[in-house]
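Q: Right, I'll just put the structure down here and ask away after.
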Amino acid sequence: MPELPEVETMVRGIRSTLEGARLVGLKPGDCHCKPILMQPLLQEMQERSRNQIIRQVTRRAKRIVLTLEDQSAFVIEPRMTGLMLVSDPPDEAHLRLEWMVSRQRRRQSVWFWDRRGLGTVRLLTPEEQLQTLGPARLGPDALEMTGDDWFSRLQAVRRPVKVALLDQKLVAGIGNLYASEILHRAGIHPGTSSETLSRAHVTRLHAATQEILLAAIEHEGSTLGDGTYRNVLNQDGSYQNQHRVYAKEGGACRTCSRGTILRIVQAQRSTFYCPHCQKPPRKSIRKVTPPSARKSSGD
DNA sequence: CCCCAGTCCTGCGGGC
DNA sequence: TGCCCGCAGGACTGGG
């Protein structure tokens with residue numbers, strides 16, 4: 004599932020192909036499944052972007068931003084199973100959109116591939132970009148948060164810290180996998196109410212976020228057993244080999260070798276942690292639902 | 001303010 | 001062997 008490190012890996016992988024190149028075509032993939040959300044519809048998207056030079060390829064939280072010369076931008080949200088590819092898709096059946104570019108007479112393509120189709124592609128005006136990517140909807144990027152940012156933002160809400168880490172308005176870019184890994188590295192129990200975290204806790208959380216996310220980028224992200232996430236060459240990332248808690252329920256903790264990894268459910272999401280490395284501060288635990296109490300419907 | 005459930009979607013795997 | 005259904009969760013919405 005693409006979170007900040009996976010999206011950063013995609014951006015780095017497509018940058019050399021797209022940045023400075025001229026967009027000569029925008030083609031739907033020949034996938035017969037239900038179409039992904041595109042805004043505006045394909046034809047208008049083609050008309051508005053045709054023959055423009057792609058000036059910048061950047062990342063905003065978990066979104067990919069292709070800025071064109073008229074300052075409009077493609078904003079791509081991979082969500083659960085979306086991938087940007089420069090070659091060799093996992094299958095042809097889930098190709099959704101192709102950007103055909105040209106530079107110095109050389110033609111290349113970048114594809115958006117998405118098995119489940121929860122991803123979105125939008126072409127936004129500068130004003131729309133501000134609405135969609137601005138501070139009203141997205142907090143500071145997780146890698147750009149300062150210690151003071153972390154402290155004031157966690158003080159401002161009263162929620163389990165794991166749930167707070169998933170709130171993209173509070174901090175942008177962290178998803179379910181890295182939230183568990185970050186809290187484990189910081190030695191903070193996921194149920195700790197955010198406003199009770201001490202300065203020392205927040206310092207550890209800040210450092211752990213930097214360390215985990217930067218290491219995950221170095222390893223080109225995490226490819227889980229379901230094989231969903233891959234880099235732009237359709238190759239596995241390798242950060243999954245460094246995971247300490249995510250999806251490791253019942254296993255021995257690799258850090259302390261004393262605890263057994265537990266799974267709990269918070270805000271309808273799985274959280275994994277080591278009860279030995281991540282001791283709950285007294286009286287500050289908020290709403291932790293044991294797995295047995297999980298509702299079986301919905302999700 | 002915060003929480004919960006429901007929505008979108010597809011592939012996979014457990015259970016019968 | 002085959003079918004049903006739960007589960008995975010990012011972003012969002014509506015109700016309590």
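First residue of the first sequence? That's 4 in the working numbering, and the numbers climb one at a time after it.
Glycine included, C-beta positions come from ideal geometry on N, C-alpha and C.
(1) Once the 5 residues before and after Gly120 are set aside, which same chain residues still bring their CB inside 7 Å of it?
(2) State the Cα-Cα distance for the pair Pro92 and Pro81, rounded to the nearest angstrom.
(3) Which runs of the alpha helix (DSSP H), 4 residues or longer, sit entirely within the stretch 168 to 232?
(4) Would you kindly check if the distance between the Cβ of Leu98 and the Cβ of Gly32 is under 7 Å?
(5) Are there 16 or more other CB atoms within 10 angstroms of the CB of Lys172, so buried, or fewer, so exposed?
(6) Is the separation between the beta-carbon of Gly240 and that of Thr206 shorter than 7 Å?
(7) Mind reading off the beta-carbon distance from Tyr249 to Ser196? Whole number of angstroms is fine, and I expect it under 8 Å.
(8) Inspect the CB distances between the stretch 220 to 228 and the stretch 71 to 80 and report whether three or more fall short of 8 Å.
(9) Should Gly16 and Val235 be called a contact, given that it needs their Cβ atoms to be closer than 7 Å?
(10) Once the 5 residues before and after Gly23 are set aside, which same chain residues still bring their CB inside 6 Å of it?
(11) Take Met87 as the anchor and find which of Cys280, Ser105, Ser112 has the nearest alpha-carbon.
(12) According to DSSP, simplified to helix, strand and coil, what is Gln132?
(13) Quick check on DSSP: helix, strand or coil for Ile264?
(14) Below 8 Å, can you find three or more Cβ-Cβ pairs linking the stretch 41 to 58 to the stretch 5 to 15?
(15) Going by the CB atoms, is the gap between Thr258 and Cys280 shorter than 7 Å?
(16) Specify the secondary structure class of Ser300 as computed by DSSP and reduced to three states.
(17) From the DSSP secondary-structure annotation, give me the bridge partner or partners of Arg99.
(18) Given this structure, state the Cα-to-Cα distance separating Leu227 from Phe115, to the nearest angstrom.
(19) Between Phe154 and Arg202, how many whole angstroms is the CB-CB distance? I'm expecting something under 8 Å.
(20) Within 10 angstroms of its Cβ, does Pro293 collect 16 or more other Cβ (buried), or is it exposed?
(21) Just how far apart, CA to CA, sit Glu147 and Val164?
(22) Excluding five sequence neighbours on each side, which residues of the same chain lie with their C-beta closer than 8 Å to the C-beta of Pro143?
(23) Tell me which same chain residues have a C-beta within less than 6 Å of the C-beta of Thr231, skipping the five on either side of it?
(24) For a test of the three-state rule: what should DSSP assign to Ala117, helix, strand or coil?
(25) By alpha-carbon positions, which one of Leu21, His246, Leu100 ends up nearest to Leu29?
(26) Within a Cβ cutoff of 6 Å, which residues of the same chain sit near Leu168, ignoring the five residues on either side of it in sequence?
(27) Would you kindly report the start and end of the unbroken beta strand (DSSP E) that includes Gln42?
(28) Let's test the definition: count the other Cβ atoms within 10 Å of the Cβ of Asp94 and tell me whether it reaches 16, buried, or not, exposed.
(29) Whose C-alpha, out of His187, Asp170, Arg118, is nearest the C-alpha of Lys65?
(30) How would you call Lys282, buried or exposed, if buried means at least 16 neighbouring beta carbons within 10 angstroms?
A: In this structure, then:
(1) Cys36, Lys37, Ile39
(2) 15 Å
(3) 179 to 189, 202 to 221
(4) yes
(5) exposed
(6) no
(7) Contact doesn't hold; Cβ gap of about 22 Å is too wide.
(8) no
(9) yes
(10) none
(11) Ser112
(12) helix
(13) coil
(14) no
(15) yes
(16) Low per-residue confidence applies at Ser300: pLDDT is 33, beneath 50, and the placement is therefore not dependable enough to give any value.
(17) Partner(s): none; Arg99 has no beta bridge.
(18) 20 Å
(19) 7 Å
(20) A caution first: Pro293 carries a pLDDT of 44, below 50, which makes its placement in the model unreliable, though a value can still be read off. Counting Cβ neighbours within 10 Å, Pro293 comes out exposed, since fewer than 16 surround it.
(21) 19 Å
(22) Asp152, Val174, Ala175
(23) Thr84
(24) The sequence shown places Asp at residue 117, rather than the Ala named in the question. DSSP places Asp117 in strand when its eight states are reduced to three.
(25) Leu100
(26) Ile177, Ala182
(27) 40 to 42
(28) exposed
(29) Asp170
(30) exposed
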